[in-house]
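Numbering (our numbering), first residue to last: 1186 to 1410.
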């Protein structure tokens, strides 16, 4: 039966630890967590679930990454066990009932709870993502501002050109209108003069027709006058 291969997301679901925290553990203790790469994805064996839980428990006790790595490599579970077993070889155990002077020791602070550490890591990771997003947005705004500035300048130049062309066209149209009105006035005067000449010719012709239709005696009398 083949061993089940797990992704980081699967390990997070199995252990109840956030995916971001599991990913952080994998990056710090990758040499202790053997993996198999499939393309760009790393898959882990089922023992990784137990190791991740142990790493999280040691981190909850306040162990440093170096202490956690040493503990996992020698198969221990906590530094308290290692501290209990730490004794100089050859030193006899203290005798029952023997009086020993009290050994002063500084009180050690209680280790922070694991849930608090996980929450703190998640908060820090979220803040880092937010900071990166803000930097990206600022860069985008800066690039957009430069692009908008160039576009506004281009539009202003185009507007100046359009206004200049429009002013020239208006000037040309006004000149053509003045020329056309002048020609129209001259044409109207010419038409009026032509009409007057035509009226005079009509009057002359009508007078000639009237004379042509007069009786012969009237014509002779007019000549004799």
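No residue lacks a Cβ here, since even glycine has one placed at the ideal position from N, Cα and C. Since we're looking at a predicted model, the values are computed, not measured.
If you run the structure through DSSP and keep just helix, strand and coil, what is residue i?
i	result
residue 1218	coil
residue 1324	helix
residue 1263	Reliability fails at residue 1263, whose pLDDT of 45 lies under 50, so the model's placement of it is uncertain and the value that follows must be treated cautiously. Here residue 1263 sits in coil by DSSP.
residue 1285	Any reading at residue 1285 needs caution, since the residue's pLDDT is 38, under 50, leaving its predicted position unreliable; the model's value is listed next. Looking at residue 1285 - three-state DSSP - the assignment turns out to be coil, as it is neither helix nor strand.
residue 1316	helix
Around the C-beta of residue i, are 16 or more other C-beta atoms found within 10 angstroms, so that it is buried, or is it exposed?
i	result
residue 1347	exposed
residue 1309	exposed
residue 1397	exposed
residue 1249	exposed
residue 1196	buried
residue 1207	buried
residue 1211	buried
residue 1350	exposed
residue 1329	exposed
residue 1246	buried
residue 1200	buried
residue 1409	exposed
Would residue i pass as a contact of residue j if the rule is Cβ separation under 8 Å?
i	j	result
residue 1191	residue 1222	no
residue 1243	residue 1256	yes
residue 1486	residue 1198	The structure shown does not extend to residue 1486, since the chain is modelled only from 1186 through 1410, so no value can be given for it.
residue 1204	residue 1217	no
Give the range of the beta strand (DSSP E) segment to which residue i is assigned.
i	result
residue 1409	Where residue 1409 is concerned, there is no enclosing beta strand (DSSP E), although the alpha helix (DSSP H) it sits in stretches over 1401-1409.
Please list the terminal residues of the continuous alpha helix (DSSP H) segment that includes residue i.
i	result
residue 1228	Where residue 1228 is concerned, there is no enclosing alpha helix (DSSP H), although the beta strand (DSSP E) it sits in stretches over 1226-1229.
residue 1208	1204-1213
residue 1190	Per DSSP, residue 1190 belongs to no alpha helix (DSSP H) and is neither H nor E.
residue 1245	1232-1245
Item to check | Contained alpha helix (DSSP H) runs [length at least 4] in the segment 1342-1368, N- to C-terminal order | outcome: none
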